Amino acid sequence: MSRNTRVSTYGKLGLILLIYLILAIAYSIVTPIGRGADEWAHYWYAQFIADNGRLPTSPAEREIAGYKSDWPPLYHLAAAGLTFWIETEGPPTFKYRADNVRRQLVPAQGPEAILHTEDERFPWQQEILIWHLGRFLSITFSLGTLVVTYFAALEWFEGIEAKSRRLPTDTPNKVTNIDPQFPNYQLSIINYQLFAVLTVALLAFNPRFLFTGMLFNYDSLTLLLSSLFLWLCIRIVKGYHSTWGFWGLGALAGLALVTKYLTLLLPLVIVYVAWVKVAGSQGGKGAESQGGRVAGGQGGKVLGSQVAGSQEVGDRSAGIRTTPYALRIRRLFTRYLAQALIAYLLVITPWFAYLVINFNEIDTYGPVLGTLAPLIRGDGSDRTVEGIFAWMSGGQAPAPDHIDRQSYTAWQIITELPLTFWGNPIVEPYPLNGFVIIMTLLTVAAAVGVIIAWRKLPQNRRLMNLLLLFCALPLPFMLVRLFGARDALEAMQGRHILFLVGPAFAILFIYGLEALIRR
């Protein structure tokens, strides 16, 4: 990248980040306190930690800390560390409707559980100040996510371009890398810096990202850690960080898990990255000779066989007993996974030890099920996990109270996912329905482009598969919700996908559209 190109790219990126920051701060100021999903629960949890200097250690304290207090605390620890110094005794305080019968004259639930008064206006004080500082912390995490997304996208598009432009060593006179099955399809990406900037813009100006990314909740930190994890995965797949890369992946996956349980399946990506790393480091010569055979015909076969033959003769002449290839692969693969596992366990063990020590139910369910109880069911406020635990106990644990399955039309279920991924429908009719429709159609087009590129560019499949695997991580949780919560709309919340795999989705979105247009 030339100096002028770098300056121009960073200028565009800086402008996007500045506009995002202005919009996010404006969102956080004008959005009434408590309007976001579960903001109250996250606030109570963080405030309990700030007031007591520790996590709740009993079911009674969990009642005080709110229904999110059985969830991982990393975000709430950060929020408490930022706001612990603020005095909350005395006015102004939140005016809960439930505290005064006169406040209940106008019925309201959820985010309207308090009266919004002039106390919420600037300059902020007491609890109102804590709430806004918590939102600003979320904005900081979201801004960091955009920066990491840029570098992750840059790495990915650079890797795609490098593989697309790479020529076989046995065809020095070949000037263009064209797939013979698709001669009209050019195998190169132009201006990958621009694509990285477009990826950031796609994520930054998604109304759902703007809104949820500034709320007082753990989604912003979850996405930041997930983005760092993805960036490191891409770099390892490209051949960097052989000594510490998998330690870093294990640590990041652990930090993500102690932020939100939705990241539980990130270790599956580590397994894939380890496989790619092993295949690249141990099978590089074989892969290159195979690539030569595909592109160069019989010349590649001769070259590959000559290399293999010379290595075999050299080993025999030196009297060296060659270690079986499969054994070398297995050892290296095991070493990478062991590094990641050790780092992962070091990070998550304190949290799970705290749960088992303080909230085990061994007296009720025995040593095995009683130890698992606080890890699976938490405080019992989630019907889905309560149902899973009741099933695991074989009837020992009571099933959650029956609720009628919510009835929705097929159209409602189908549209809920894109509506909550691209938009923030807090009012009806939602004014950005047209935008959601356009982005949904573009998503379908991008998916077609990704399929085309995957078929036509086999040399890019490992990098593409990494993002595809990443984007599939939320699906098992959605299926569990769909069949366990008895509420299809709750299972189809697109925001849960966005705040786990947003950068990976955005990269594939831009790449898919480019591939479709270039075709």
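The numbering of the sequence shown is our numbering, which starts it at 7 and goes up by one.
Glycine included, C-beta positions come from ideal geometry on N, C-alpha and C.
Quick caveat: nothing in here was measured; it's all calculated off a predicted structure.
For this session: Tell me whether E95 is buried or exposed, calling it buried when 16 or more other Cβ atoms sit within 10 Å of its Cβ.
Result: exposed
Problem set entry | At least 3 beta-carbon pairs within less than 8 Å: the segment 133-142 vs the segment 208-226 | yes
Problem set entry | Separation of L448 from V203, as counted between CA atoms | 18 Å
Problem set entry | Residue interval of the alpha helix (DSSP H) (run including K462) | 439-462
For this session: Find out if the Cβ-Cβ distance for the pair L352, A452 is shorter than 9 Å.
Result: no
Problem set entry | From N197, R214, I92, L19, residue whose alpha carbon lies closest to that of F441 | R214
Exercise. If you drop the 5 nearest sequence neighbours on each side, which residues of the same chain put their C-beta closer than 6 Å to that of T269?
Worked result: A262, L263
For this session: Determine the DSSP secondary structure at I39, reduced to helix, strand or coil.
Result: coil
For this session: Tell me whether the beta-carbon of E422 lies closer than 9 Å to the beta-carbon of M470.
Result: no
Exercise. In terms of alpha-carbon separation, which member of T446, H502, Q199, P98 lies closest to F157?
Worked result: Q199
For this session: Excluding the 5 residues preceding and the 5 following F201 in the sequence, name in chain order all residues of the same chain whose CB lies nearer than 6 Å to its CB.
Result: F163, I516
Exercise. Hey, would you say I382 sits closer than 9 Å to A494, going by beta carbons?
Worked result: no
Problem set entry | Bounding residues of the alpha helix (DSSP H) (the contiguous stretch that carries D225) | 225-243
Exercise. Relative to the alpha-carbon of T63, which residue among A359, L463, G429 has its alpha-carbon at the smallest distance?
Worked result: A359
For this session: Within its chain, find whatever has a CB closer than 8 Å to the CB of L160; leave out the 5 residues flanking it on each side and keep chain order.
Result: Y198, Q199, A202
Exercise. Opposite I120 in the DSSP bridges: which residues?
Worked result: Y102
Problem set entry | Exposure of L481, with buried meaning 16 or more beta-carbon neighbours within 10 Å | exposed
For this session: Work out the CA separation of G372 and N364 for me, nearest whole Å.
Result: 16 Å
Exercise. Quick one: what's got a C-beta closer than 8 Å to I240's C-beta in the same chain, skipping five residues either side?
Worked result: A158, E161, W162, G165, L469, L472
Exercise. Once you ignore the five residues that flank N430 on each side, which residues in its own chain have a CB closer than 6 Å to its CB?
Worked result: P213, R214, F217
Problem set entry | Check whether Y49 and G20 have beta carbons under 9 Å apart | no
Problem set entry | Collapsed DSSP secondary structure at L479 in the structure displayed | coil
Problem set entry | Whole-angstrom C-beta distance between A349 and A257, which should lie under 8 Å | 4 Å
For this session: Report the option in G500, C477, F476, L475 whose CA atom is closest to the CA atom of R487.
Result: G500
Problem set entry | Whole-angstrom distance between I368 and Q25, CA atom to CA atom | The displayed chain sequence assigns Ile, not Gln, to residue 25. Distance between the alpha carbons of I25 and I368: 53 Å.
Exercise. Which of the three DSSP states, helix, strand or coil, is assigned to D44?
Worked result: coil
Exercise. Taking the alpha helix (DSSP H) that V206 falls in, what are its first and last residues?
Worked result: 198-210
Exercise. Would you report the Cα separation of V454 and T228, rounded to the nearest angstrom?
Worked result: 29 Å
For this session: Given a cut-off of 9 Å, decide if A512 and V206 are closer than it, judged by their beta-carbon atoms.
Result: yes
For this session: Give me the Cα-Cα distance between L27 and W397, rounded to the nearest whole angstrom.
Result: 46 Å
For this session: Determine the direct distance from the alpha carbon of L61 to that of G401, and round the result to whole angstroms.
Result: 31 Å
Problem set entry | CB of P98 within 9 Å of CB of E133, strictly | yes
Exercise. Run through DSSP, which three-state label would A403 get?
Worked result: coil
Exercise. Going by the beta-carbon positions, is the gap between A30 and Q53 smaller than 9 Å?
Worked result: no
Exercise. Taking C-beta to C-beta, are S377 and V362 nearer than 9 Å?
Worked result: Residue identity check: residue 377 is Thr in the sequence provided, not Ser. Yes.
Exercise. Buried or exposed: where does D44 fall if 16 or more other Cβ atoms within 10 Å of its Cβ makes it buried?
Worked result: buried
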